[in-house]
Amino acid sequence: MYKVLQRLRSSDSGLSLLEVLVAMMIFAIVSLGVLQSLATVLAITRDNRARVVAANLAAQEIDLARDASDVFTLFDDTYTKTLNGDVFTVTRSTAWVPSSNTAASCGSGGGTLQYKRINIEVSWPNMRTGTEPVRFDSLLAPDDRINDPALGTILVSVIGGSGEGSEGVSVGASPASPSEGAQSLSTSPAATDTDGCSFILKVAPGNYNVSVSRSGYITDDGQSSSPSQLTQVVAGTASSVSFNYDQAARFDVKYVANPAPANVEIPKNMDTAFISTYGVHTESSSSSSLSRSINLFPWRSGYVGVAGTYIPKPEDPASTADYCASPNPALWPEEDIAGVTYRSPDAVAVAANPGGSVDMTVPMGLVDVTALAGDRIRVKSTAPVAGSADPGCTESVTLTFDRLDSATQFIALPYGTWEIERRTAGLWLPVGLGSILAPIVGGTATVPGVVTVDPRVAS
Numbered sequence: 247m248y249k250v251l252q253r254l255r256s257s258d259s260g261l262s263l264l265e266v267l268v269a270m271m272i273f274a275i276v277s278l279g280v281l282q283s284l285a286t287v288l289a290i291t292r293d294n295r296a297r298v299v300a301a302n303l304a305a306q307e308i309d310l311a312r313d314a315s316d317v318f319t320l321f322d323d324t325y326t327k328t329l330n331g332d333v334f335t336v337t338r339s340t341a342w343v344p345s346s347n348t349a350a351s352c353g354s355g356g357g358t359l360q361y362k363r364i365n366i367e368v369s370w371p372n373m374r375t376g377t378e379p380v381r382f383d384s385l386l387a388p389d390d391r392i393n394d395p396a397l398g399t400i401l402v403s404v405i406g407g408s409g410e411g412s413e414g415v416s417v418g419a420s421p422a423s424p425s426e427g428a429q430s431l432s433t434s435p436a437a438t439d440t441d442g443c444s445f446i447l448k449v450a451p452g453n454y455n456v457s458v459s460r461s462g463y464i465t466d467d468g469q470s471s472s473p474s475q476l477t478q479v480v481a482g483t484a485s486s487v488s489f490n491y492d493q494a495a496r497f498d499v500k501y502v503a504n505p506a507p508a509n510v511e512i513p514k515n516m517d518t519a520f521i522s523t524y525g526v527h528t529e530s531s532s533s534s535s536l537s538r539s540i541n542l543f544p545w546r547s548g549y550v551g552v553a554g555t556y557i558p559k560p561e562d563p564a565s566t567a568d569y570c571a572s573p574n575p576a577l578w579p580e581e582d583i584a585g586v587t588y589r590s591p592d593a594v595a596v597a598a599n600p601g602g603s604v605d606m607t608v609p610m611g612l613v614d615v616t617a618l619a620g621d622r623i624r625v626k627s628t629a630p631v632a633g634s635a636d637p638g639c640t641e642s643v644t645l646t647f648d649r650l651d652s653a654t655q656f657i658a659l660p661y662g663t664w665e666i667e668r669r670t671a672g673l674w675l676p677v678g679l680g681s682i683l684a685p686i687v688g689g690t691a692t693v694p695g696v697v698t699v700d701p702r703v704a705s
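Going by the numbering used here, the sequence shown opens with residue 247, and the numbers climb by one from there.
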């Protein structure tokens, strides 16, 4: 009987469910640790293998640079190479190091050219955090002597609107007046390379006019197509000349609005100012057309077009130089009148790619001259009307019109204060108030024949 009961009683031997779960958790933790260690080892191994390959690529690139027949043909370059399933990016950076040991674009850091610094950087995808690319550096000297203690060097740098070098630009240098010993070059300088550099070596000391040219190109300084600069060459040294020069962009300007309104005339001798972050360029005209096409340097930041002669106000309050700030709408202050806020619309810069074109609208104010149809008129800048907040124009500006057509209802004027005159019996006489209609925002005075063309609108 005892043996039967013993067989029926449950046994305490074996593993419980809790013990099994604990054992599985311990096994999982140990397994994850092992897997993590294996993954880390594999990643380090792969990274080390990639670094060895990258070091070989960098060394190979340095050897190729040293074997170059002419260091002047070594430029910045970037390419990719696939090895062992990895894509390596090889970047070569070059810069001339002058005697001043200050590396700069085209070696313009000062002093004569000495060496060319070559930097090779190789990177690969999935680099471990904290891993640096492989970098090799070298200095290369020209095979032939490029400096002469009795002669000098002219370093020419040509930069485009994007800030990168302009390649293929013709470079010239001729004795200036007075020449101070300068001589005509025996050989023509090479065109600019991919970095926008050209080097005129072994030049007799003296004064030279250095010029650049290329069909369809334009400079930012005066928007000239064939710019030149004066430089002095001193024996045993190098002089640097830099140009901002790029393929011209065409700006198709529409005055007043786009499309141009009907029954409106503009002055035939009106300037147009193009404002960029680099300054103001003014284009003159002898046409009364409501549209013009103008070639400008392709600054990536673009231009804001302003009708009229815009001359910024001197920063020095004590300066007596003439200015004409009125045409720029951005300079008219915001004004609150009878609970209504008047402000100039925000100007939007317009940019075009080199060799491209873009439309630009240049706003102007309209003055009703219905009563002057058929007359010859002109307008002259004058002192602002009291209370108008006109920024002012001390420069004397006179704008002329063709004889007004019988259908002309408005004349378009640059922003500012203008005195309108009519040609009568061989004399220019002020126009009466009954012949014009133009509101003056906040104005507290009315002057016969004078209108304020205000850019501000209610907002």
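Using N, Cα and C, we set each Cβ at its ideal position, and we do this for glycine too.
In this model, S408 and S283 are separated by some 49 Å (Cα to Cα). Taking a C-beta distance under 8 Å as the contact criterion, N330 and L359 do not qualify as a contact pair.
For the pair P575 and P701, the CB atoms are nearer than the 8 Å cut-off. Just so you know, the alpha carbons of N365 and A422 end up roughly 39 Å apart.
The way I'd put it, the stretch 459-472 doesn't touch the stretch 374-389; fewer than three beta-carbon pairs between them come closer than 8 Å.
The alpha-carbon separation between V550 and S532 amounts to approximately 21 Å.
Here F318 carries a helix assignment [DSSP, helix/strand/coil]. Taking V415 as reference, the option from E561, G662, M270 and S434 with the minimal CA-CA separation is S434. Residue pairing for A519: DSSP places it in a beta bridge opposite T528 and V552. Taking a 10 Å sphere around the C-beta of E580, we find fewer than 16 other C-beta atoms and assign the residue as exposed. Boundaries of the beta strand (DSSP E) around M606: S603 to V608. Fewer than three beta-carbon pairs drawn from the stretch 588-597 and the stretch 480-488 are found closer than 8 Å, and the two stretches are therefore not classed as touching. A distance below 7 Å between beta-carbons, with the five flanking residues on each side excluded, links G411 to the following residues of its chain, in chain order: V404, I405, T438, T440, D441, G442 and C443. The beta-carbon separation of M516 and G548, rounded to 22 Å, does not stay under the 8 Å limit for a contact. With distances taken between CA atoms, S457 lies nearest to F445 out of P451, F445 and A450. Residue state for I275 is assigned as helix, using DSSP reduced to three classes. Boundaries of the beta strand (DSSP E) around Y463: Y463 to T465. Between V336 and L310, the C-beta spacing is not below 8 Å. In the DSSP assignment, A484 forms a beta bridge with T399. Around the beta-carbon of D636, 16 or more other beta-carbon atoms lie within 10 Å, marking it buried. If the five residues before and after Y569 are omitted, its C-beta is found closer than 8 Å to the C-beta atoms of I557, P558, K559, P560, G638, C639, T640 and E641, all from its own chain and listed in chain order. One alpha carbon belongs to A597, the other to S461, and they sit about 21 Å apart.
T628 counts as buried, since at least 16 other C-beta atoms from the protein chains shown sit within 10 angstroms of its C-beta. In this structure the stretch 492-508 lies against the stretch 593-613, because at least three pairs of beta carbons, one per stretch, are closer than 8 Å.
Assigned with DSSP and collapsed to three states, T291 falls in helix.
About 6 Å separates the beta carbons of I400 and V487, which is inside the 8 Å limit, making them a contact pair.
DSSP, read as helix, strand or coil, puts N504 in coil. Taking a C-beta distance under 8 Å as the contact criterion, G695 and I666 qualify as a contact pair.
In this structure, DSSP gives R496 an extended state, which the three-state scheme calls strand.
Per DSSP, I512 has no beta-bridge partner at all. DSSP places V268 within a helical segment (H, G or I) once states are collapsed to three.
Counting C-beta atoms within 10 angstroms of its own C-beta, I583 has fewer than 16 neighbours from the protein chains shown and is therefore classed as exposed. Nearest C-alpha to T326 among A387, E265, E307 and R312: E307. For I540, the closest of R546, T523 and A519 by C-alpha to C-alpha distance is A519. Following the DSSP letters along the chain, one finds S457 inside the beta strand (DSSP E) bounded by residues G452 to S459.
A269 and S277 have their C-alpha atoms some 12 Å from each other.
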